[in-house]
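Asks: 16 is the number of the first residue of the sequence shown in this note's numbering; add one for each residue after it.
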Amino acid sequence: MPLATTVNGERRRGLVEPRRTLADFLREDCGLTGTHLGCEHGVCGACTVLLDGQAVRSCLLLAVQAEGAEVTTVEGLSPDDGSLSPVQSAFREEHGLQCGFCTPGFIVSVTAFLRDNPNPSRVEIVEALSGNLCRCTGYQGIIRAVERAAGSA
16 MPLATTVNGE
26 RRRGLVEPRR
36 TLADFLREDC
46 GLTGTHLGCE
56 HGVCGACTVL
66 LDGQAVRSCL
76 LLAVQAEGAE
86 VTTVEGLSPD
96 DGSLSPVQSA
106 FREEHGLQCG
116 FCTPGFIVSV
126 TAFLRDNPNP
136 SRVEIVEALS
146 GNLCRCTGYQ
156 GIIRAVERAA
166 GSA
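Quick look at the structure:
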């Protein structure tokens with residue numbers, strides 16, 4: 016099927032298999048391997064990307080569902096000068112990552128969350144993070160990172 020979409024500001028056109036997931040399209044066709052595949056059931060959040068600004072699980076969407084849409088991956092969140100976004104910096108400064116596998120999904124999810132709720136309470140942060148799983152950190156550094164990023168926004 017034909018697909019025309021914008022990924023991280025770059026127009027992409029091509030043909031995709033009708034059953035190809037958005038995650039596989041991003042990783043294999045676009046070479047954007049920051050979108051990680053964990054559970055492939057929409058539970059872990061490692062594959063989270065922004066689709067027209069909304070955080071979505073790219074393992075649950077077909078690539079053709081992104082037709083005409085704007086897709087932003089974790090690679091597209093960094094400023095053009097190569098520096099880190101406020102959320103990425105906060106994760107580094109607060110040790111909100113360990114093995115790093117879940118980190119891209121958290122970064123994308125938190126970016127969308129803070130855009131919509133720039134001054135969240137700790138309860139709101141914990142609720143927002145409930146859609147992403149981490150097996151390494153114990154979440155305390157991640158919560159602190161969200162609090163730090165909210166303070167810098």
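Backbone N, C-alpha and C define an ideal beta-carbon position, used for all residues, glycine too.
These figures come from a predicted structure and were not determined experimentally.
Tell me the residue span of the beta strand (DSSP E) that contains Thr87.
Replies: According to the DSSP assignment, Thr87 belongs to the beta strand (DSSP E) that extends over 85-87.
Asks: On a CA-only basis, which of Gly68, Val86, Arg159 is nearest Ala38? Give me that one, please.
Replies: Val86
Asks: Around the C-beta of Cys114, are 16 or more other C-beta atoms found within 10 angstroms, so that it is buried, or is it exposed?
Replies: exposed
Asks: Reducing DSSP to helix, strand and coil, say where Ala164 ends up.
Replies: helix
Asks: Where does Gly156 sit, in a helix, a strand or coil, going by DSSP?
Replies: helix
Asks: Only counting the same chain, and skipping five residues up and downstream in sequence, which positions put a Cβ closer than 6 Å to that of Val161?
Replies: Val125, Ile140
Asks: For Glu55, does the three-state DSSP call read helix, strand or coil?
Replies: Annotated three-state conformation of Glu55 is coil, per DSSP.
Asks: Would you kindly report the start and end of the unbroken beta strand (DSSP E) that includes Ala19?
Replies: Boundaries of the beta strand (DSSP E) harbouring Ala19: 17-22, taken from the DSSP string.
Asks: Under DSSP, the beta strand (DSSP E) around Val64 begins and ends at which residues?
Replies: 63-66
Asks: If Glu82 sits next to Thr152, beta carbons under 8 Å apart, how far is it from one beta carbon to the other, in whole angstroms?
Replies: Not confirmed; about 36 Å, so no contact.
Asks: Compute the beta-carbon to beta-carbon distance between Ala78 and Phe106, rounded to the nearest angstrom, for a pair I have assumed lies under 8 Å.
Replies: Between Phe106 and Ala78 the Cβ distance is about 28 Å, and since that is not below 8 Å, they are no contact.
Asks: State the start and end residues of the unbroken beta strand (DSSP E) segment that holds Leu144.
Replies: Run containing Leu144: none in the beta strand (DSSP E); it sits in the alpha helix (DSSP H), 137-144.
Asks: In the DSSP assignment, what are the bridge partners of Val71?
Replies: Val64
Asks: Count the other CB atoms, across all protein chains shown, that sit within 10 Å of the CB of Asn147; report buried if there are 16 or more and exposed otherwise.
Replies: So Asn147 ends up on the buried side.
Asks: Assuming Cys117 contacts Ala61 (C-beta within less than 8 Å), just tell me the rounded distance between them.
Replies: 5 Å
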